[in-house]
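**Student:** In terms of our numbering, the sequence shown has 380 at position 67, counting the first letter as 1, and numbering is strictly consecutive.
Glycine is no exception: its CB is placed at the ideal position from the N, C-alpha and C atoms.
First the structure, then my questions, so here it is.
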Amino acid sequence: MANPGLSDAEKQEALEAFEATKTPECPQGNKAAAADALGLPRETYRNRLRAARGVVGRADVDGSVPDGYIIKGRSTLYGPDGEVKAEWVKTTADRERLLEMALDAVKESAKALPKLKPRPAKDKSYNDDLMTVIPWGDPHFGMYAWAEESGDDFDVDIARRDLCGAVDYLVSQAPSSRQCVIANLGDFFHADNMAGMTPGHGHVLDVDTRLQRVMRIGVSAVRQCIHTALSHHEMVHFVPVVGNHDPVLGMAMGVLLANVYENEPRVKVHDAPTLRHYIRHGKTLMGFVHGDRTKDRDLPGIMATERPEDWGITKHRYFFRGHHHHDSRQEFNGCIVEQVRTLAANDAYATGGGWLSGRDMKLIVMHSEYGEVARTTCGIDMLRDAA
Numbered sequence: 314m315a316n317p318g319l320s321d322a323e324k325q326e327a328l329e330a331f332e333a334t335k336t337p338e339c340p341q342g343n344k345a346a347a348a349d350a351l352g353l354p355r356e357t358y359r360n361r362l363r364a365a366r367g368v369v370g371r372a373d374v375d376g377s378v379p380d381g382y383i384i385k386g387r388s389t390l391y392g393p394d395g396e397v398k399a400e401w402v403k404t405t406a407d408r409e410r411l412l413e414m415a416l417d418a419v420k421e422s423a424k425a426l427p428k429l430k431p432r433p434a435k436d437k438s439y440n441d442d443l444m445t446v447i448p449w450g451d452p453h454f455g456m457y458a459w460a461e462e463s464g465d466d467f468d469v470d471i472a473r474r475d476l477c478g479a480v481d482y483l484v485s486q487a488p489s490s491r492q493c494v495i496a497n498l499g500d501f502f503h504a505d506n507m508a509g510m511t512p513g514h515g516h517v518l519d520v521d522t523r524l525q526r527v528m529r530i531g532v533s534a535v536r537q538c539i540h541t542a543l544s545h546h547e548m549v550h551f552v553p554v555v556g557n558h559d560p561v562l563g564m565a566m567g568v569l570l571a572n573v574y575e576n577e578p579r580v581k582v583h584d585a586p587t588l589r590h591y592i593r594h595g596k597t598l599m600g601f602v603h604g605d606r607t608k609d610r611d612l613p614g615i616m617a618t619e620r621p622e623d624w625g626i627t628k629h630r631y632f633f634r635g636h637h638h639h640d641s642r643q644e645f646n647g648c649i650v651e652q653v654r655t656l657a658a659n660d661a662y663a664t665g666g667g668w669l670s671g672r673d674m675k676l677i678v679m680h681s682e683y684g685e686v687a688r689t690t691c692g693i694d695m696l697r698d699a700a
């Protein structure tokens with residue numbers, strides 16, 4: 314509860330000290346810096362600032378809550394004569410709003426990133442009717458697996474070698490299409506936090522504990538794959554779908570790459586803050602989603618609702634999804650939904666539960682008039698023999 318013993322001058326001093334810490338680099342303010350400026354213990358200052366704002370716990374007296382939280386309940390203490398003695402407002406995190414706030418923070422930070430200079434395309438003849446599509450199924454950078462426990466070793470260095478090796482091979486087999494789509498279907502990063510737990514359900518993960526190194530190698534691997542595709546195609550689309558393992562880091566990677574390639578007209582990063590992304594190529598329409606929140610049979614209807622004009626003028630429609638790591642392809646009314654495999658090994662949790670699958674990456678050739686016309690597969694055994 315707010316401290317009623319504070320004077321108006323003390324409350325004003327607390328508010329002004331906090332406002333003074335807000336800068337372009339730190340627009341949200343810094344309570345620790347404000348406490349230091351006033352020479353107060355940090356917990357004392359936090360209580361004083363809370364009192365100055367009229368805050369009870371995490372909720373304001375008028376019933377509002379800080380940005381990023383929602384009210385989930387109230388508890389009221391009444392006296393013998395029925396008067397209200399105290400009230401506690403219970404809050405919980407508003408997950409969607411917190412992701413939105415994180416996106417805004419990442420966008421602001423990414424503005425200072427160096428921009429890559431444009432690279433001229435090779436002087437060659439391209440086929441405008443064809444589009445090369447390489448969907449990545451759940452790369453899981455940062456996941457750790459031990460062969461004796463789960464059947465195969467896996468770490469961030471193996472993840473980079475396999476991902477870049479598969480893309481290198483598939484691009485070498487691709488036709489001379491003018492455009493190439495590299496679609497990360499979510500869970501690029503195995504963990505989204507230092508705790509090594511899934512953000513939604515708190516499952517403990519087997520992870521490489523050096524998150525900064527995982528991020529550094531992961532982003533570097535994506536850039537290498539984009540550059541590989543640029544060596545064979547004039548235009549490269551990168552689609553960064555977020556997954557249930559990496560809702561923040563997956564989103565941040567898209568924002569980061571969009572800034573890095575801002576001056577490169579040959580690279581388009583589809584960094585819209587949406588769970589689903591779409592690309593149309595003539596009479597062919599493709600959707601990309603992780604798949605943890607939707608049922609496969611519902612995806613065609615979602616596509617028709619979200620892209621009604623594209624749906625109306627196309628004849629061949631595909632939705633690519635990840636999440637389950639299995640190889641499956643099913644046709645619903647007007648659309649084929651394909652679940653793709655991952656190159657990542659099984660971790661101990663998946664192995665223990667018997668959730669096993671093959672491991673490969675595919676290249677699919679789409680025609681503007683006829684839809685899919687060819688595909689090439691790069692399996693994990695091919696990569697191991699090459700290595």
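1. Do you know how far the Cα of residue 328 is from the Cα of residue 374?
2. List the whole-angstrom C-beta distance separating residue 322 from residue 334, where the pair is believed to meet the contact cut-off of C-beta under 8 Å.
3. Between residue 468 and the ligand MN, is there a pair consisting of the residue's CB and a ligand heavy atom that are separated by less than 8 Å?
4. Got a sec, what are the start and stop residues for the alpha helix (DSSP H) residue 613 sits in?
5. If you draw a straight line from the C-alpha of residue 538 to the C-alpha of residue 498, how long is it?
6. Check residue 550 in the structure and name its three-state DSSP category.
7. Would you decide whether residue 372 is buried or exposed? Buried here means 16 or more other CB atoms lie within 10 Å of its CB.
8. What is the DSSP secondary structure of residue 528, counted as helix, strand or coil?
9. Among 623, 618, 615 and 656, which one has its Cα closest to the Cα of residue 635?
10. List the endpoints of the continuous alpha helix (DSSP H) containing residue 695.
11. Closest to residue 489 by C-alpha separation, out of 544, 455 and 466, would be which residue?
12. Can you give me the start and stop residues for the alpha helix (DSSP H) that residue 641 sits inside?
13. Classify residue 624 as buried or exposed, calling it buried when 16 or more other Cβ atoms lie within 10 Å of its own Cβ.
14. Would residue 620 and residue 600 be called neighbours here (beta carbons separated by less than 9 Å)?
15. As an exercise, report each continuous alpha helix (DSSP H) stretch of at least 4 residues that is fully enclosed by the region 537-586, in chain order.
16. Can you round the beta-carbon distance between residue 550 and residue 681 to whole angstroms, since I take them to be within the 8 Å contact cut?
17. What does DSSP give as the partner residue(s) for residue 594 in the beta ladder?
18. Would you kindly work out how many angstroms separate the C-alpha atoms of residue 610 and residue 631, rounded to a whole number?
19. In this structure, does DSSP put residue 322 in helix, strand or coil?
20. Just verifying my parser: in three-state terms, what is the DSSP assignment at residue 485?
**Tutor:** Put simply:
1. Note that residue 374 scores a pLDDT of 43, beneath 50, so its modelled location is shaky; the value from the coordinates is reported in the next line. Residue 374 and residue 328: Cα-Cα distance of roughly 17 Å.
2. Not really, about 19 Å apart at Cβ, beyond 8 Å.
3. Although the ligand MN was asked about, the structure shown includes no ligands whatsoever.
4. 612-619
5. 15 Å
6. strand
7. With a pLDDT of only 47 at residue 372, under the threshold of 50, the placement of this residue in the model should not be trusted, and no figure is reported.
8. helix
9. 656
10. 693-699
11. 544
12. First-last for residue 641: 641-645, but that is the beta strand (DSSP E), not the alpha helix (DSSP H).
13. buried
14. yes
15. 562-573
16. At roughly 15 Å, the Cβ-Cβ gap does not stay under 8 Å, so residue 550 and residue 681 are not in contact.
17. 597
18. 12 Å
19. helix
20. helix
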